[in-house]
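**Q**
Residue numbers (UniProt numbering): 1 to 59.
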């Protein structure tokens, strides 16, 4: 079985592991106006959450 010739540095290991963390967030589509927003959160465009108006969106 192959063995590494040299010890892998902490920086190289962390760079390899850190590359997996960059992912685009999943977005849900609002059924009312069709805008994209993060799921399980208030839609910042219209202030709706689960079919109810919870924020004043006239800002």
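Every residue gets a Cβ at the ideal spot worked out from N, C-alpha and C, and that includes glycine.
Looking at the structure shown, is residue 5 part of a helix, part of a strand, or coil, going by DSSP?
**A** Reading the chain shown from its first residue, position 5 is the one you call residue 5. Looking at residue 5 - three-state DSSP - the assignment turns out to be coil, as it is neither helix nor strand.
**Q** Per DSSP, residue 52 forms a beta bridge with which residues?
**A** The residue you call residue 52 lines up with position 52 of the chain shown. Answer is 49, bridged to residue 52.
**Q** Tell me the rounded alpha-carbon separation between residue 39 and residue 50.
**A** As a first step, residue 39 is located in the chain shown; it is residue number 39 there, counting from the start. As a first step, residue 50 is located in the chain shown; it is residue number 50 there, counting from the start. Rounded to the nearest angstrom, the two C-alpha atoms are 10 Å apart.
**Q** In whole angstroms, what separates the C-alpha of residue 44 from that of residue 56?
**A** For the purposes of this step, residue 44 is taken as residue 44 along the chain shown, with counting starting at 1. For the purposes of this step, residue 56 is taken as residue 56 along the chain shown, with counting starting at 1. About 10 Å.
**Q** From what residue to what residue does the alpha helix (DSSP H) around residue 27 run?
**A** For the purposes of this step, residue 27 is identified with residue 27 of the chain shown, where counting begins at 1. From DSSP, residue 27 is part of no alpha helix (DSSP H); its letter is neither H nor E.
**Q** Could you check the C-alpha separation between residue 47 and residue 30 for me, to the nearest Å?
**A** Start at 1 with the first residue of the chain shown, and residue 47 comes out as number 47. Start at 1 with the first residue of the chain shown, and residue 30 comes out as number 30. Residue 47 and residue 30: Cα-Cα distance of roughly 11 Å.
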